[in-house]
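Residue numbers (our numbering), protein chains in the order written: chain A, 5 to 229; chain B, 181 to 478.
C-beta atoms are modelled at their ideal positions from N, C-alpha and C, and glycine is treated no differently.
Encoded as structure tokens, the structure appears first; notes follow it.
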Amino acid sequence: MNIAMVGRLIWKDWYLNRAGILASLIGGVATLALIAAMHDSQVALIMGMIVLVTILIGMGAVVMLSAASERRQMTLPFVMSLPISYWEYTISKIAGGLLIFFALWVPLVAAIVATILLTPGIPHGLIPFVLIMAVEILMTTCLITVVAVTTESHAWTVASAQVGGLSLNAIGWSIVRLPQIGGWMRSATVRWSGTATTLLLAELALIVLMLGVTFLVQARKKDFL
Amino acid sequence: MIDAAVEFSGVTKRYKYFTLDHIDLKLPAGYIMGFVGANGAGKSTTLRILMGLVHQDAGYVNVLGHAMPQDQATAKRDIGFVSEDMRLYGAATLEWHMRFVRSIYPRWDNGYANELLRRFDLKAQQKIKGMSHGQRVKAALILALARRPRLLVLDEPTTGLDPIARREVLGELMAVLADEERTVLFSSHNTLEVEQISDQVTFIDRGRILESSDKETFLDRWRRLRLVLPPNTRLPGLPGIVKVDGSSRLPVITTNRFEPAMMAACTEVGVSVQAVDVMTLEEIFIASVQNQREGGAL
Chain A
5 MNIAMVGRLI WKDWYLNRAG ILASLIGGVA TLALIAAMHD SQVALIMGMI
55 VLVTILIGMG AVVMLSAASE RRQMTLPFVM SLPISYWEYT ISKIAGGLLI
105 FFALWVPLVA AIVATILLTP GIPHGLIPFV LIMAVEILMT TCLITVVAVT
155 TESHAWTVAS AQVGGLSLNA IGWSIVRLPQ IGGWMRSATV RWSGTATTLL
205 LAELALIVLM LGVTFLVQAR KKDFL
Chain B
181 MIDAAVEFSG VTKRYKYFTL DHIDLKLPAG YIMGFVGANG AGKSTTLRIL
231 MGLVHQDAGY VNVLGHAMPQ DQATAKRDIG FVSEDMRLYG AATLEWHMRF
281 VRSIYPRWDN GYANELLRRF DLKAQQKIKG MSHGQRVKAA LILALARRPR
331 LLVLDEPTTG LDPIARREVL GELMAVLADE ERTVLFSSHN TLEVEQISDQ
381 VTFIDRGRIL ESSDKETFLD RWRRLRLVLP PNTRLPGLPG IVKVDGSSRL
431 PVITTNRFEP AMMAACTEVG VSVQAVDVMT LEEIFIASVQ NQREGGAL
């Protein structure tokens, strides 16, 4: 694999999406600052979390829509005229998209955890729930990635983003009802349970499965234009 | 030194409503081949197979000594590709595209790129989305030419261009001809363009290669003979008759195996040759396609 070439393609996608990345980063940091400033208000905490989740999912969707856009905007022939194989193109799209997502996801998740730990009044028992939901957002991004890269269709990518968003609500609502998650959310200390570990491992396994399926589908393709 | 820059052998690609059927094609290094076909004839599919962007179902493709599609990443280091359906990133400037391509191709010629910018009257700082269609085609050509490729593959690059832009693009391609080491494969349905710049010509129709040879041979072999037949005289058996038009007394025959001796053969049987018309590449192409579609052999 030509790693240098994959790196250049990733840099290209970063450059072309720089406005969205920067806006999301600024929006995320501003929301976190507001949560910290209004730590006494539970409404501000909930609203802030919703905004952060929206920013994260939105960023993932924007990045992956750029993968689907290559065909629609007819830039795919230009990219594929460069000295790369379709395999390398696929890696650049997945790795580039996920790296952009991680650039936002890692600092925001770290900042959310830090805000919970450092801000007086926010129960530390929220942390397992926050981490499970953060990985769930990563899983949703991977779902959008799989669909965007394999179908290269805007419609399917938007549909997968909507399914991902709805699933996020459903999963969040379901796990809050689990006694070992929801029951310990108001605890003053972090209480990690076997259920939380199982849920996190299941999410990570699904992420690996989805990425594996993407490469399998791409390897079987015969027409790239 | 590789004798053939491009070689297709028995290449087949099947779609639901179209089949590229046993394509055999050879383009020697240093030549310019015009690849002529009507819309939907299979030109783009053939060129995409050449670039490794579509995988053939059967057959063998070799480009600059590399088997395709397996070695496409290596082969494309020496290929410049511009297609009618290729677009650049609208939000970025041409300068950004030039920097991006330069970072990939070590042979990128900055002086040549600047010269082309001046000749094409383009501003490097301009964003692609602010350019006209003609300017975008020229921008794509700069990116393909300044990397100094050994093989230039152009899939209908002049489609949709106004006459001035077309002339400028063709002029630059003719200048490329001066470089004898560079091979060009140029697809078009505009036979006039192909006649202007190519030294090899290949016709394709409905997924099959009809003819492929050097341009002079094409133009020398095809003639239209205007004959006058005396009463009760039959047409002599001439080689390569593709089409017979006109009346029974004043037939006009089209042949693809013309030889001066044919005129003597006509005179011998009392048939007078009123005129021998040289055919344009467009006339040859149309006659060739019609003959093929009517089930004739070339």
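{"Item": "CB contact below 9 Å: glutamine 46 of chain A versus chain B", "Value": "no"}
{"Item": "Sub-9 Å separation of leucine 205 of chain B and valine 191 of chain B beta-carbons", "Value": "yes"}
{"Item": "CA-to-CA distance, isoleucine 98 of chain A to isoleucine 211 of chain A, given in whole angstroms", "Value": "12 Å"}
{"Item": "Contacting positions in the region 74 to 90 of chain A - beta carbon closer than 9 Å to chain B", "Value": "Gln77, Met78, Thr79, Leu80, Pro81, Phe82, Met84, Ser85, Leu86, Pro87, Ile88, Ser89 and Tyr90"}
{"Item": "Residue span of the alpha helix (DSSP H) that contains threonine 218 of chain A, given as start and end", "Value": "198 to 224"}
{"Item": "Chain A contact for methionine 181 of chain B (CB, 9 Å cutoff)", "Value": "The predicted model places methionine 181 of chain B with a pLDDT of 49, which falls under 50 and marks its position as unreliable, so this point remains unresolved."}
{"Item": "Inter-residue spacing [alpha-carbon to alpha-carbon] between phenylalanine 366 of chain B and leucine 334 of chain B", "Value": "5 Å"}
{"Item": "Proximity test, Cβ basis, 9 Å: leucine 130 of chain A and chain B", "Value": "no"}
{"Item": "Length of the line joining the Cα atoms of threonine 382 of chain B and leucine 390 of chain B", "Value": "7 Å"}
{"Item": "Closer than 9 Å to chain A by CB, methionine 231 of chain B", "Value": "yes"}
{"Item": "Exposure label - glutamine 236 of chain B; buried when at least 16 CB within 10 Å", "Value": "buried"}
{"Item": "One or two residues paired with glutamine 380 of chain B in a DSSP bridge", "Value": "B:Met213 and B:Asp394"}
{"Item": "Contact under 9 Å by Cβ, glutamate 348 of chain B with arginine 299 of chain B", "Value": "yes"}
{"Item": "Of the residues A:Thr79, A:Tyr90 and A:Trp91, the one placed nearest alanine 271 of chain B, counting alpha carbons only", "Value": "A:Thr79"}
{"Item": "Contacts around alanine 324 of chain B, its chain only, beta-carbon distance under 7 Å, and the 5 residues preceding and following it disregarded", "Value": "Gly260, Phe261, Val262 and Leu332"}
{"Item": "Between the CA atoms of alanine 65 of chain A and serine 178 of chain A - distance to the nearest angstrom", "Value": "24 Å"}
{"Item": "Three-way DSSP call (helix, strand, coil) for glutamate 295 of chain B in this model", "Value": "helix"}
{"Item": "Close-in-space but distant-in-sequence residues of the same chain around isoleucine 7 of chain A (CB under 8 Å, 5 per side omitted)", "Value": "none"}
{"Item": "Aspartate 265 of chain B at chain A interface by Cβ criterion, 9 Å", "Value": "yes"}
{"Item": "Residues of the region 12 to 38 of chain A whose Cβ lies closer than 7 Å to any Cβ of chain B, in chain order", "Value": "Arg12, Lys16 and Leu20"}
{"Item": "Contact list for alanine 272 of chain B against chain A, beta-carbon separation under 8 Å", "Value": "Tyr19 and Leu20"}
{"Item": "Nearest candidate by alpha-carbon position, reference alanine 114 of chain A, set A:Pro132, A:Gly101 and A:Arg76", "Value": "A:Pro132"}
{"Item": "Test: tyrosine 269 of chain B CB closer than 9 Å to a CB of chain A", "Value": "yes"}
{"Item": "Below-9 Å beta-carbon distance, threonine 339 of chain B vs any chain A residue", "Value": "no"}
{"Item": "Whole-number beta carbon distance between leucine 172 of chain A and valine 2 of chain A, since they are thought to touch under 8 Å", "Value": "Any answer about residue 2 of chain A is impossible in this case: the structure gives chain A only from 5 up to 229."}
{"Item": "Continuous beta strand (DSSP E) assignments of at least 3 residues falling wholly in the region 226 to 282 of chain B", "Value": "238 to 243, 246 to 248 and 259 to 263"}
{"Item": "Residues that lysine 193 of chain B bridges to, as DSSP identifies them", "Value": "B:Leu200"}
{"Item": "Pair within 9 Å by beta-carbon distance, leucine 130 of chain A and methionine 189 of chain A", "Value": "yes"}
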